[in-house]
Amino acid sequence: MHIDADLHIHSRYSKAVSKAMTIPNLAENARFKGLEMVGTGDILNPNWEKELLKYTKKVDEGTYERNGIRFLLTTEVEDNRRVHHVLIFPSIETVREMREELKPYSSDIESEGRPHLTLSAAEIADLANELGVLIGPAHAFTPWTSLYKEHDSLKGAYDDAKIHFLELGLSADSEMADMIKAHHKLTYLSNSDAHSPMPHRLGREFNRFEVDEATFEEIRKAIMKRGRKIVLNAGLDPRLGKYHLTACSRCYTKYSLEEAKAFRWKCPKCGGRIKKGVRDRILELADTTERPKDRPPYLHLAPLAEIIAMVLDKGVETKAVRLFWERFLKEFGSEIRVLVDVPVEELAKVHEEVAKAVWAYRNRKLIVIPGGGGKYGEIRLPEEIKNARIEDLESIEVEVPDVEEKPKQRSITEFLRKSNK
0 MHIDADLHIH SRYSKAVSKA MTIPNLAENA RFKGLEMVGT GDILNPNWEK
50 ELLKYTKKVD EGTYERNGIR FLLTTEVEDN RRVHHVLIFP SIETVREMRE
100 ELKPYSSDIE SEGRPHLTLS AAEIADLANE LGVLIGPAHA FTPWTSLYKE
150 HDSLKGAYDD AKIHFLELGL SADSEMADMI KAHHKLTYLS NSDAHSPMPH
200 RLGREFNRFE VDEATFEEIR KAIMKRGRKI VLNAGLDPRL GKYHLTACSR
250 CYTKYSLEEA KAFRWKCPKC GGRIKKGVRD RILELADTTE RPKDRPPYLH
300 LAPLAEIIAM VLDKGVETKA VRLFWERFLK EFGSEIRVLV DVPVEELAKV
350 HEEVAKAVWA YRNRKLIVIP GGGGKYGEIR LPEEIKNARI EDLESIEVEV
400 PDVEEKPKQR SITEFLRKSN K
């Protein structure tokens, strides 16, 4: 069987997270999204553990259920260098054991959803392996709290400790991550890191597993490549990620890596801090052009609400967008089915322009304005697709401009000349 799973989210006990992140809301919105499985997030927090046990029933070791949605026991922790790691637990007893083991190294493990630890990445990984907990770097390339913000290699972070997966994050996909050969042996996870249960956040990235049952043990086998597997990673086009290109974190002006270094990472336009983009960071570390033969495909998607908002030229949380989103779900069952599986001719019966946009996304025909510096990228529908009939989409020629390869300023000299006018 195939199940779609988003294994990294947060609860209302983490900072900067919606108070609506409750187990009942997560189960309801996961069903709308089309997810069969969700990670609990924040399970080391004892209050969140109580809520999970109150609102779900245990169906297997490490696996709980509410209204047909399965929950795996997961959390994110921060190490002594502010690098984040995702943990997936085999049982609630293991959660409690690890909580006790970590108490001497954390002042907020019982109050915060994402606890800070005074342990190194290697020490956390060693403990996880002792307890049979799966571990890997969270959003491995983002420029704030990731593995490659602080380290230049997996070994530099984890030493010889075993890790089981690498989470790609919103600003990278498997093709980008495979430019580093040390990753080739690892399973990639594409998760949302959602701070809100809204459908344009929850499940915006997900993994499609081929397993016998929706349980921890089956997911473990798939991650470890032991008779089960991930058949699809799906998520944002990396260019839509907030940190894809190098850019100012205040005014969002984009720079080449050479410009940023010359400006000593201070934006000459507004004085803000320039953040190195995921794309540039990966290119710094890239050491291969090969790809593993067993790597599953990566499907670039945007949340359905964002596609509808683009077509209607409305805000993503407006009533008009919500109404059409609900119509698509009523007709086809879930957002993932609309984005991935339903023929475009069927989608057009609900809204032709949205159907064209979904087709364009599936076929990489949307214009993407890359994100950077903390600002998400933008999507635009080419005029050729807007004006085409549904039945003619496959035959039209579409010139999609390569925005990413054309920085806002071609050189430091040009930038200074323009900024001084």
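Heads up: the sequence shown is residues 0 to 420, going by numbering that gives the first Met the number 0. Ideal Cβ positions, reconstructed from N, Cα and C, are used throughout, including at glycine.
Just the C-alpha distance for Leu185 and Lys318, rounded to the nearest angstrom, thanks. 42 Å
So, at 7 Å on beta carbons, what are the nonlocal neighbours of Lys364 in its own chain, with the 5 sequence-adjacent residues on each side left out? Pro381, Ile384, Val397, Val399
How many angstroms separate the CA atom of Arg81 from the CA atom of Lys329? 43 Å
Exposed unless 16 or more other CB atoms sit within 10 angstroms - verdict on Leu43: buried
What residue range does the alpha helix (DSSP H) around Thr93 cover? 91–101
Which ranges does the alpha helix (DSSP H) cover as unbroken runs of at least 4 residues, wholly within the stretch 328–379, from first to last along the chain? 343–346, 351–361
Integer-rounded CB distance, given that Met20 should sit under 8 Å from Arg11: 5 Å
Note down, in chain order, each residue of its chain lying with its Cβ closer than 6 Å to the Cβ of Gly373, except the 5 sequence neighbours on either side. Lys241, Ser248
Between the stretch 114–124 and the stretch 155–165, are three or more C-beta pairs nearer than 8 Å? yes
Bridge partners - Val277, DSSP secondary structure assignment: DSSP, once it has assigned bridges, lists no residue as partnering Val277.
Integer Cβ distance of Ala4 from Glu27, believed to fall under 8 Å: 17 Å between Cβ atoms; not a contact.
Is it buried or exposed for Glu429, if we count other Cβ within 10 angstroms and need 16 for buried? Because the chain in this structure spans residues 0 to 420, residue 429 falls outside the shown range and cannot be described.
Report the rounded CA-to-CA distance for Pro114 versus Val94, giving the unit in angstroms. 14 Å
Candidates Asn232, Asp293, Pro142: which alpha carbon is nearest Thr245's? Pro142
Beta carbon of Thr73, beta carbon of Gly33: below 9 Å? no
What are the uninterrupted segments assigned as beta strand (DSSP E) that are 3 or more residues long and contained completely in the stretch 201–280, given in chain order? 205–209, 228–235
Could you give the first and the last residue of the continuous alpha helix (DSSP H) run that contains Asp293? First-last for Asp293: undefined, no H or E at that position.
Pick out whichever of Gly112, Ser191, Ala259 has its Cα sitting closest to the Cα of Leu300. Ser191
Spatially closest choice to His83 from Trp264, Lys355, Trp324, Leu167, by CA coordinates: Leu167
Helix, strand or coil: how does DSSP classify Met36 here? strand
Buried or exposed: which applies to Lys253, given that a residue is buried once 16 or more other Cβ atoms fall within 10 Å of its Cβ? buried
Nearest-angstrom Cα separation, counted from Ile378 out to Ile422: Residue 422 lies beyond the range of the chain shown here (0 to 420); nothing can be said about it.
Looking at the unbroken alpha helix (DSSP H) that takes in Pro45, where does it start and where does it end? 45–54
Pairing CB atoms from the stretch 345–357 with CB atoms from the stretch 298–316, are three or more of them under 8 Å? yes
Proximity to Arg272 [Cα-Cα], best of Ile222, Ala15, Gly371: Gly371
Leaving aside the five residues before and after Glu344 along the sequence, list all residues of the same chain whose C-beta is less than 7 Å from its C-beta, in chain order. Ile389
Euclidean distance between Cα positions of Ala15 and Glu393: 43 Å
Given Ala139, which residues of its chain have a CB within under 8 Å of its CB, disregarding the five upstream and five downstream residues? Ser145, Leu146, Tyr147, Leu165, Glu166, Leu167, Gly168, Ala171, Ala176
By how many angstroms is the C-alpha of Leu130 removed from the C-alpha of Met97? 8 Å
Arg69 in three-state terms, based on DSSP: strand
Over what stretch of residues does the alpha helix (DSSP H) that includes Asp125 continue unbroken? 120–130
What is the DSSP secondary structure of Leu116, reduced to helix, strand or coil? coil
Quick check: Leu25 and Leu201, are their CB atoms within less than 9 Å of each other? yes
Exposed unless 16 or more other CB atoms sit within 10 angstroms - verdict on Ala285: exposed
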